Every structure is written in structure tokens, then in C-alpha cells.
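One structure is given here, and the rest of the page talks about it.
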Amino acid sequence: MIDLAKGELLATATNPGARLEGVTAVLLATDDDDFNALASVVMESNVEGHVYRVGPPHGSHGVVAPYTGGDILFGTALVRHVLAQRYEEGARFVVRPASSPRPPASETLFVIRADRRLEPITEQQRVTPHEGDSVVLLVPGLSAEPAGGAPPPPALP
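Numbering (my numbering), first residue to last: 744 to 900.
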């Protein structure tokens with residue numbers, strides 16, 4: 744389960760004079776690209792680690808999002824609306840041992856190190872999994888009709 748920062752914690756995190764001890768990473772993935780961009784700039788000096796955000800749509804006309812820095816989660820191909828669209832089309836987030844074969848067309852989003860550190864894949868940082876690590880993947884859903892027009896396999900009882 745992922746706990747979201749709410750209320751006072753979020754207010755503290757965005758207070759330019761505050762410092763959040765023990766916070767080693769912040770992942771901003773709201774559906775408001777300008778909020779993610781502004782919060783990434785404000786929070787960057789308030790945490791011990793990195794601040795990451797989901798990228799805005801290409802050619803976005805947001806007020807702030809296309810023009811700010813910050814490390815973009817998953818690179819420029821998997822921006823927020825693309826992630827949402829793939830999820831709507833049946834893609835799911837799965838965790839697998841790094842040594843397991845990757846499903847076709849899956850995207851690696853995070854590497855979970857054997858020591859439980861989370862390392863995101865970003866536009867600027869490609870992470871190589873090692874023995875004992877796990878990966879968080881975005882795996883495409885099964886379409887109603889597989890390629891070639893063959894009917895889908897029967898459902899399991």
C-alpha cells in the first residue's frame with residue numbers, strides 16, 4: 744500500500760522553510776501537471792533525496808509544467824495521460840523478480856533493490872536490476888481479440 748501525503752504533511756513539505764527528515768524520495772503523480780511541476784521545485788530542497796514527477800503531455804500548454812526542471816518519471820514516452828490511457832486499456836502494474844523474463848511490451852518503471860530501496864526509471868536515469876532485485880512493470884492488458892483474428896482462449900474455471 745502506498746500512503747499519500749495529506750493535510751499537514753503536504754503543507755509542511757511545500758513550506759520553503761521546512762525540512763522533512765528521513766524522506767528520501769518524493770513521487771508526484773497527481774492529475775495536475777502544473778501542481779506536480781511546482782511542487783517538485785518547491786520540495787526539492789526540503790527532502791534528503793530526489794523529487795520525481797510524472798511528465799506532462801508532449802506539446803502541453805500548461806502554465807508551468809512544460810517549462811520546469813525536475814526528474815521526469817519513466818521518461819518522456821510514458822507521460823501522465825499515456826499511463827492513464829494504457830491503464831484504461833487494461834495495462835496493470837506488477838512486481839516480479841528481476842531474474843524473471845519480462846512479458847512482451849512491458850515497461851520497467853522501478854527497480855526495488857534487495858535492500859528495499861526503490862529506484863525509479865527516469866528520463867535521465869536508467870537503472871540496471873541485479874540479482875535479488877525486483878522490478879515494477881507496466882504490463883499491457885490482454886486484448887479481446889489476439890493478433891491474427893483468432894478468438895481468445897477460453898476462461899479458466
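By construction, the Cβ of each residue, glycine as well, lies at the ideal position given by its N, Cα and C atoms.
What you are looking at is a predicted structure, and each value in this text was computed from that prediction instead of being measured.
Inset, instruction - Identify whether residue 745 lies in helix, strand or coil by the three-state DSSP scheme. - result: Per-residue confidence for residue 745 stands at a pLDDT of 46, beneath the threshold of 50, marking its modelled position as unreliable; no derived number is given.
Inset, instruction - Have a look at residue 784 and residue 876 and give me their C-alpha separation to the nearest angstrom. - result: Distance between the alpha carbons of residue 784 and residue 876: 30 Å.
Legend entry - Per-residue DSSP class, three states only, for residue 861: If DSSP states are grouped into helix, strand and coil, residue 861 belongs with the strands.
Inset, instruction - Give me the Cα-Cα distance between residue 848 and residue 829, rounded to the nearest whole angstrom. - result: Answer to the nearest angstrom: the Cα atoms are 12 Å apart.
Inset, instruction - Please classify residue 766: does DSSP put it in a helix, a strand, or coil? - result: Coil at residue 766, not helix or strand.
Legend entry - Outcome for residue 834 when other beta-carbon atoms lying within 10 angstroms are tallied against a minimum of 16: By the C-beta density criterion, residue 834 is buried, having at least 16 other C-beta atoms within 10 angstroms.
Legend entry - Rounded Cβ spacing between residue 880 and residue 845 (contact assumed at less than 8 Å): With 8 Å as the limit, residue 880 and residue 845 qualify as a contact, their Cβ atoms being about 7 Å apart.
Inset, instruction - Quickly, what does DSSP pair residue 840 with across the bridge? List them, please. - result: DSSP lists 877 as the beta-bridge partner residues of residue 840.
Inset, instruction - Can you tell me which of 819, 872, 867 puts its alpha carbon nearest to the alpha carbon of residue 838? - result: Closest option to residue 838, Cα to Cα, is 872.
Inset, instruction - Give the secondary structure of residue 777 by DSSP, where H, G and I count as helix, E and B as strand, and everything else as coil. - result: Under the three-state reduction of DSSP, residue 777 is assigned to helix.
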